[in-house]
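For the sequence shown, counting from 1, position 238 maps to 420 in my numbering; every step adds exactly one.
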Amino acid sequence: MMPGKDKMLITGGKPLMGEISVSGGKNTAVAVIPATLLTDEPSTIENLPDIDDVQALIEILQYLGAKTEYVPGHHLKVYPQGVNGHQVPFEFTKRLRASYYLLGALLGRGGHAEVAYPGGCDIGSRPIDQHLKGFSALGAAIEERGGIVYAKAGMLQGADIFFDMVTVGATINVMLAAARATGNTIIYNAAKEPHIVDLANFLNSMGARIKGAGTDVIRISGRQELHGTTYTVIPDQIETGTLMIAAAATRGDVTIRGCIPTHMESLTAKLLEMGVRVTENDDSIRVRPQYEQRAVNVKTQVYPGFPTDLQQPMTALLCGANGTSTVCETIFEQRFKHLDELRRMGAHIKLVDRTVLVEGVHELYGAPVVVTDLRAGAALIVAGLMAKGLTEIYETSYIDRGYERIEAKLRSLGADIRREKL
Ligand code: EPZ
Numbered sequence: 183m184m185p186g187k188d189k190m191l192i193t194g195g196k197p198l199m200g201e202i203s204v205s206g207g208k209n210t211a212v213a214v215i216p217a218t219l220l221t222d223e224p225s226t227i228e229n230l231p232d233i234d235d236v237q238a239l240i241e242i243l244q245y246l247g248a249k250t251e252y253v254p255g256h257h258l259k260v261y262p263q264g265v266n267g268h269q270v271p272f273e274f275t276k277r278l279r280a281s282y283y284l285l286g287a288l289l290g291r292g293g294h295a296e297v298a299y300p301g302g303c304d305i306g307s308r309p310i311d312q313h314l315k316g317f318s319a320l321g322a323a324i325e326e327r328g329g330i331v332y333a334k335a336g337m338l339q340g341a342d343i344f345f346d347m348v349t350v351g352a353t354i355n356v357m358l359a360a361a362r363a364t365g366n367t368i369i370y371n372a373a374k375e376p377h378i379v380d381l382a383n384f385l386n387s388m389g390a391r392i393k394g395a396g397t398d399v400i401r402i403s404g405r406q407e408l409h410g411t412t413y414t415v416i417p418d419q420i421e422t423g424t425l426m427i428a429a430a431a432t433r434g435d436v437t438i439r440g441c442i443p444t445h446m447e448s449l450t451a452k453l454l455e456m457g458v459r460v461t462e463n464d465d466s467i468r469v470r471p472q473y474e475q476r477a478v479n480v481k482t483q484v485y486p487g488f489p490t491d492l493q494q495p496m497t498a499l500l501c502g503a504n505g506t507s508t509v510c511e512t513i514f515e516q517r518f519k520h521l522d523e524l525r526r527m528g529a530h531i532k533l534v535d536r537t538v539l540v541e542g543v544h545e546l547y548g549a550p551v552v553v554t555d556l557r558a559g560a561a562l563i564v565a566g567l568m569a570k571g572l573t574e575i576y577e578t579s580y581i582d583r584g585y586e587r588i589e590a591k592l593r594s595l596g597a598d599i600r601r602e603k604l
């Protein structure tokens, strides 16, 4: 990720109109790509988003000894046979949070992993104690030294694991390690996000035996051998939501194609509560304006609650609602760095503990703003599309980690958005 390489320029006030197809899911892609290491046979993954996090993981697999064939926007083929490494240094792990999935994948592959602590968005302390608790329960000896997690297990043994809190990352990491453990593993208090189900489906297509994904109890019957597979990952729930919010924010009329409407229920319900017209079809969602947009109260929750990843773009939308809204962030304690940037654009926002009070204003106005993390970038794009005049968005590389060609998509809907080299 090259900080500061360019800036995004948006002249707001234009309603988004038309149809757009959503890309494959970032948070499913970053779980499924490491899972290819759980066999020596080649696997092909389709519908991957062409984003920096995918590129970073491909480079990690190559560093470990895998051969890869990547056709961006089409497929990734992984040949893991040559993988004999088990170390992933900080120069790789600092690029993305999901690098820690290499712990579970390498433990599952050969019982040995040495992975530096991950990087990723600065939205809170983000400890990994539950991941390590899960690996220990499976029989791995864990040591943390010099910013590196050393995990070693002669043979991973299935176990019952009860997470202290619902955690997407730890649920995924334990699934990766337990898929090839001896015996049965039960994960209690498991995360239920769509990408958990997608990973379970991917692993089962490799011959794993995983049941209950999508509920809070996941049962894994370990398999010594898994085989290669060809798999298409699900569409991105958070990109779908970001596009829905952008459509509502510009009072536009947008149909988002290739999405899964049932993944969007919590956002759809909130937009309908605001007075936005949302209609669902089998694999598309249409967003149109109705009357004024009413203020609402939002509280982020684990799936199927309102996703924390949509908290920031939703806050931007609520800056233009009629009345005062509240946005309570229950998952990450510091997911508020976008508020100062929104204030530069004229937003009337106050933070009380972990609740944002958003007093709707008649208009935001364009300003130079800085992206602090991936979804803060989404919030600033939404605000820029709403604002009168020109918004200049700096540190756009955060955005490229999780959104595939976002400005091309928005431009195809009529937005006045472009990039300029710094
Ligand atoms: C994943 O992060 C996503 N990242 C995040 O998306 C998403 O916001 C989050 O899940 C919640 O849905 C990826 O999938 C790569 P958690 P993760 O473990 O796994 C605490 C984005 O914008 N916790 O569910 O890190 C943790 O601090 C990114 O796409 C522990 O205390 O989230 C947090 O408060 C941002 N100990 C809460 O649990 C642990 O061992 C939920 O974290 C693990 C987590």
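Glycine included, C-beta positions come from ideal geometry on N, C-alpha and C.
Secondary structure of Lys-603, DSSP reduced to three states
Here DSSP, grouped into helix, strand and coil, assigns Lys-603 to strand.
Is it the case that the CB of Cys-510 approaches a heavy atom of the ligand EPZ more closely than 6 Å?
Not under cutoff, so the answer is no.
Just how far apart, CA to CA, sit Leu-492 and Val-331?
Roughly 31 Å separates the two Cα atoms.
If Leu-239 and Pro-216 are in contact, beta carbons under 8 Å, what's the gap, nearest whole angstrom?
About 7 Å; that satisfies the 8 Å criterion.
Sequence-distant residues of its chain with Cβ nearer than 8 Å to Ile-324 (five each side left out):
If we look at Ile-324 and ignore the five residues flanking it on each side, its Cβ neighbours are Leu-314, Phe-317, Ser-318, Val-331, Tyr-332 and Ala-333.
Terminal residues of the continuous alpha helix (DSSP H) containing Pro-376?
In the DSSP assignment, Pro-376 falls within the unbroken alpha helix (DSSP H) covering 376-387.
Is the closest heavy atom of the ligand EPZ to the C-beta of Thr-412 under 6 Å?
Because no heavy atom of the ligand EPZ lies under 6 Å away, the Cβ of Thr-412 does not count as near it: no.
Please list, in chain order, all residues of the same chain as Ala-372 whose beta carbon is under 6 Å from its beta carbon, the five residues on each side excluded.
Exclusion of the five residues before and after Ala-372 leaves Thr-353, Asp-398 and Ile-400 as the residues of its chain whose Cβ lies within less than 6 Å of its Cβ.
Need the endpoints of the alpha helix (DSSP H) that Met-190 sits in, please.
Counted as a single uninterrupted DSSP element, the stretch harbouring Met-190 is not any alpha helix (DSSP H) but the beta strand (DSSP E) occupying residues 188-193.
Per DSSP, Leu-358 is paired with what?
DSSP output for Leu-358 lists no bridge partner at all.
Quick one: give me the first and last residue of the alpha helix (DSSP H) that Met-568 is part of.
Run containing Met-568: 556-568, per the alpha helix (DSSP H) assignment.
Roughly how many whole angstroms lie between the Cα atoms of Ala-428 and Asp-342?
Those two C-alpha atoms are separated by around 43 Å.
Over the uninterrupted alpha helix (DSSP H) stretch that includes Ala-323, give me the two end residues.
Segment 323-327 is the beta strand (DSSP E) holding Ala-323; no alpha helix (DSSP H) there.
What first and last residue would you give for the beta strand (DSSP E) that runs through Met-199?
Counting along the chain, the beta strand (DSSP E) containing Met-199 begins and ends at 199-203.
State yes or no: is the beta carbon of Ile-588 nearer than 7 Å to at least one beta carbon in chain D?
Within the model displayed, chain D is absent; a lone protein chain is all it includes.
The ligand ATP heavy atom lying under 6 Å from the CB of Asp-311
Of the ligands one can find in the structure shown, namely the ligand EPZ, none is the ligand ATP.
Cβ-Cβ separation, Ala-503 to Met-527 (assumed contact under 8 Å), whole Å
That pair is no contact at about 15 Å.
Member of Ile-575, Arg-362, Val-260 and Gln-339 whose CA lies at the smallest distance from the CA of Val-551
Of the listed residues, the one whose Cα sits closest to Val-551 is Ile-575.
Can you name, in chain order, every residue of its own chain whose Cβ lies under 8 Å from the Cβ of Leu-533, other than the five neighbours on each side?
Leaving aside the five residues that flank Leu-533 on each side, the residues in its chain whose CB is nearer than 8 Å to its CB run, in chain order, Phe-518, Leu-521 and Leu-539.
By how many angstroms is the C-alpha of Gln-516 removed from the C-alpha of Ser-281?
Taking the straight line from one Cα to the other gives about 21 Å.
In this structure, what does DSSP give as the bridge partners for Gly-206?
Paired residue(s): Pro-417.
Pull the bridge partners of Ser-507 from the DSSP assignment, please.
Answer is Val-540.
Can you pull the DSSP bridge partners for Asp-598?
Per DSSP, the beta-bridge partners of Asp-598 are Thr-193.
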